[in-house]
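Everything below concerns the one structure shown next.
There are 2 protein chains.
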Amino acid sequence: MDEFELIRQYFTRASAGSGVRVGVGDDGAVMRPEEGRDLVAVVDTLVEGVHYPENLSATDIGYRAVAVNLSDIAAMAGRPRWMTLALTLRVADRHWLADFSKGLFTAADEHGVSLVGGDTTRGEQTVISVQITGDIDPDLVLTRSGAGPGDLIYVSGSPGDAAAGLHLLEKNSLGSESARKLADKFRHPVARIELAQKIAPLASAAIDVSDGLYADLQKLLLASSMSGQIELNTLPLSAEITAQFDSEAARRFSLGGGDDYELCFTLAAENEALLDDAIRGAGVNVTRIGIVDEGHGLACTNNGIAFDYVDNGYLHFGGSGE
Amino acid sequence: MDEFELIRQYFTRASAGSGVRVGVGDDGAVMRPEEGRDLVAVVDTLVEGVHYPENLSATDIGYRAVAVNLSDIAAMAGRPRWMTLALTLRVADRHWLADFSKGLFTAADEHGVSLVGGDTTRGEQTVISVQITGDIDPDLVLTRSGAGPGDLIYVSGSPGDAAAGLHLLEKNSLGSESARKLADKFRHPVARIELAQKIAPLASAAIDVSDGLYADLQKLLLASSMSGQIELNTLPLSAEITAQFDSEAARRFSLGGGDDYELCFTLAAENEALLDDAIRGAGVNVTRIGIVDEGHGLACTNNGIAFDYVDNGYLHFGGSGE
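Chains as they are written, first to last, in my numbering: chain A, 831 to 1152; chain B, 831 to 1152.
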């Protein structure tokens, strides 16, 4: 068995998957789209040493490679269906491939996504690009650009936990339960697929938080040609982050850390009363943190008093994707 | 303007493209599929120093990155429509990006393909993954697995020219017209999109020649659970390769060189008479080189006498893709 076959065996499964007519193994994959649905496509790359620390397990790397893409599908309110994998490896290591593919398929299976194609190449550094195609209700596409004046700004979960967890992971400070819980948030981010579909009929705009809440909310406001204001005291902080860090550090993680892949969205004020019912069963809470206005820029208040926040969050070279 | 913006400007165009509802710039792209068509998806990666020599221009790299994917779409008889780009760069160089994007869009525009999304990351080596989604007539999907006993084996163009051209390019031996023509075959491979659609109603199986005619025909036969025999004297050799190399070297390039991305396909014998009419206007000739039979393996004859060909063609680490 040559290396081609060695690698292929880890990514080939008995069932091609839902809607797949030709799966892995031919020149291309053939899939049948569902009538009346539009397609949604995303791509995101993880580079060894840039997007994950060296001590992250191959299983966790595989999981994250899929999860970050699922998050982009979620931000559009799409339903993920099929993925391709472009994998550049230094060596073809059986154990690494077994673990990596396990993590990859775990994340994919959680949302019924089939791997339909791939390309494996040799390089000097591990580079993992996953591309996911999903489908979407044409009338419920959620973009960054729909926010209007007076809309309320919401965020799901407690962003910052994963960045705090990564910080602890890099320092190997995982001695306590709360530290391990934070690290798990980095290792297994949960894409907000269900939440996004539930809020899509109510929300005016959405973005997934990949570069940090402050930076990504800025992008949403820019795309909507609006300004915004957030109240720092309303930022949702988890019990774990509060246990591990002082309030200043926790706030920095909350505003600057994007590795949780939570959803930030806006909502016309008249829809606020419908939100609780809409998100029932989504498996995550949402918190109102601010308001949209005319103009441009994103201002912060702290207990109602203007606060000059300087974002020095995660800004890697071009890593934001689309 | 930060690096994100610098890079984005090279890949953003005024028109989103055909069937594109949301293009580059949001979390994901939204496309409208055509009713009654299936989807076809492919992905292929070029790694600096592995898949192209250092002296290949950025324009040519961009062109090839798209063309190799178009070729996989062609091999299924699909029509390419939308692509995403995952680009890992050592540095964000304006000139390189300008040239690379020029080549990328040239290849895409030749087939009406729109860039709908991307992700740019920093790494130690340039890695370019292009993923293309197309559509396809559900009744005319061309796989590797449909060849039957007695089917005739055909190949388009004159495979080997591009590998010969790469050889000359690497040696910097481009002094003659014929050498430059061969190098151009490497720099600008033409995906056989039109040819594939024209032969799809007649052909039983197809593969694009990316790893070499002998190796790829073997894959087609394996997928079809068939054997095959090719006559070396029928291999189509260009005037240019004959001018530059002796017949032994030319034959090695022809059987082992995959960089032209020609199409190899099989055809029931009763369809042979229809072929000339079918491929009119496809812009390329096809040549009958052999025959399919029961059993397994691929044998060669030279003027009808058994010839023991040992394939030592291009076999890089896992680089065949799907």
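We put the CB at the ideal spot given by N, CA and C, even for glycine.
From a predicted model like this one, the values you see are computed outputs, not experimental measurements.
Any chain A beta carbon closer than 9 Å to residue i
i, result
"arginine 843 of chain B", "no"
"glutamate 1102 of chain B", "no"
"isoleucine 966 of chain B", "yes"
"isoleucine 903 of chain B", "yes"
"serine 975 of chain B", "yes"
"arginine 1017 of chain B", "no"
"aspartate 981 of chain B", "no"
"glutamate 865 of chain B", "yes"
"alanine 871 of chain B", "yes"
"glycine 908 of chain B", "yes"
"tryptophan 912 of chain B", "yes"
"threonine 1117 of chain B", "no"
"aspartate 1089 of chain B", "no"
"isoleucine 1060 of chain B", "no"
"glycine 987 of chain B", "no"
"glycine 1113 of chain B", "no"
"glycine 858 of chain B", "yes"
"arginine 862 of chain B", "yes"
"isoleucine 1037 of chain B", "yes"
Short CB-CB distance (under 9 Å) between residue i and chain B
i, result
"arginine 952 of chain A", "yes"
"serine 1003 of chain A", "no"
"glutamine 961 of chain A", "yes"
"glutamine 1027 of chain A", "no"
"methionine 1056 of chain A", "no"
"alanine 916 of chain A", "yes"
"valine 1170 of chain A", "In the structure as shown, chain A begins at 831 and stops at 1152. Residue 1170 of chain A is therefore absent and cannot be evaluated."
"glycine 948 of chain A", "yes"
"alanine 1021 of chain A", "no"
"histidine 941 of chain A", "no"
"aspartate 868 of chain A", "yes"
"aspartate 929 of chain A", "no"
"histidine 881 of chain A", "yes"
"arginine 894 of chain A", "no"
"alanine 1053 of chain A", "yes"
"arginine 851 of chain A", "yes"
Residue i classed as buried or exposed, judged by whether at least 16 other C-beta atoms fall within 10 angstroms
i, result
"serine 1034 of chain B", "buried"
"isoleucine 1135 of chain B", "exposed"
"asparagine 899 of chain A", "buried"
"leucine 1104 of chain B", "exposed"
"threonine 1064 of chain A", "exposed"
"alanine 994 of chain A", "buried"
"glycine 1111 of chain B", "exposed"
"serine 1006 of chain A", "exposed"
"valine 872 of chain A", "buried"
Spatial distance of residue i from residue j (CA atoms)
i, j, result
"glycine 791 of chain B", "tyrosine 1044 of chain B", "Outside the shown range of chain B, which is 831 to 1152, sits residue 791 of chain B, and nothing can be said about it."
"alanine 937 of chain B", "phenylalanine 930 of chain B", "11 Å"
"serine 998 of chain B", "proline 1066 of chain B", "Here the sequence assigns leucine to residue 998 of chain B, which means serine is not the residue at that position. Their backbone Cα atoms lie some 20 Å apart in a straight line."
"aspartate 890 of chain B", "valine 896 of chain B", "10 Å"
"serine 986 of chain B", "arginine 894 of chain B", "19 Å"
"leucine 917 of chain B", "alanine 1009 of chain A", "34 Å"
"leucine 972 of chain A", "aspartate 856 of chain B", "10 Å"
"arginine 924 of chain B", "arginine 838 of chain B", "11 Å"
"asparagine 1002 of chain B", "isoleucine 966 of chain A", "51 Å"
"proline 989 of chain B", "lysine 1011 of chain B", "13 Å"
"aspartate 1041 of chain B", "histidine 881 of chain B", "11 Å"
"histidine 941 of chain A", "glutamate 1078 of chain B", "54 Å"
"phenylalanine 1127 of chain B", "serine 1057 of chain B", "Looking at the sequence shown, residue 1127 of chain B is not phenylalanine but glycine. Between glycine 1127 of chain B and serine 1057 of chain B, the C-alpha separation is close to 5 Å."
"valine 1020 of chain B", "glutamate 1092 of chain B", "8 Å"
"valine 1122 of chain B", "leucine 1025 of chain A", "54 Å"
"valine 854 of chain A", "glycine 1086 of chain B", "24 Å"
Residue(s) in a DSSP beta bridge with residue i
i, result
"glycine 1058 of chain A", "A/Val1122 and A/Leu1128"
"aspartate 856 of chain A", "A/Val854"
"methionine 909 of chain B", "The amino acid at residue 909 of chain B is misidentified as methionine; the sequence shows arginine. The partner list for arginine 909 of chain B (beta bridge, DSSP) reads B/Asp965."
"aspartate 874 of chain B", "B/Val960"
"threonine 973 of chain A", "Bridge partners of threonine 973 of chain A: none, in fact."
"aspartate 949 of chain B", "B/Ala916"
"threonine 1096 of chain A", "A/Ile983 and A/Ala1035"
"alanine 1136 of chain B", "B/Thr1131"
"aspartate 1046 of chain B", "DSSP, once it has assigned bridges, lists no residue as partnering aspartate 1046 of chain B."
Within chain C, partners of residue i - CB distance below 7 Å
i, result
"glutamine 955 of chain A", "In the structure shown, chain C cannot be found, because the protein chains are A and B."
Residue i Cβ short of 8 Å to the ligand NAP heavy atom set
i, result
"glycine 858 of chain B", "Ligands are entirely absent from the displayed structure, and the ligand NAP is therefore not among its contents."
| query | Can we say the segment 1007 to 1024 of chain B touches the segment 1055 to 1073 of chain B, given the rule of at least three CB pairs closer than 8 Å? | reply | At 8 Å Cβ cutoff, the stretches touch.
| task | Kindly confirm or deny that the segment 833 to 844 of chain B and the segment 864 to 876 of chain B touch, where touching means at least three C-beta pairs closer than 8 Å. | result | The answer is no - the segment 864 to 876 of chain B does not touch the segment 833 to 844 of chain B, with fewer than three Cβ pairs under 8 Å.
| Would you call the segment 871 to 879 of chain B and the segment 842 to 852 of chain B touching, i.e. three or more CB-CB distances under 8 Å? | Segment contact: the segment 871 to 879 of chain B against the segment 842 to 852 of chain B, fewer than three CB-CB distances shorter than 8 Å; contact not assigned.
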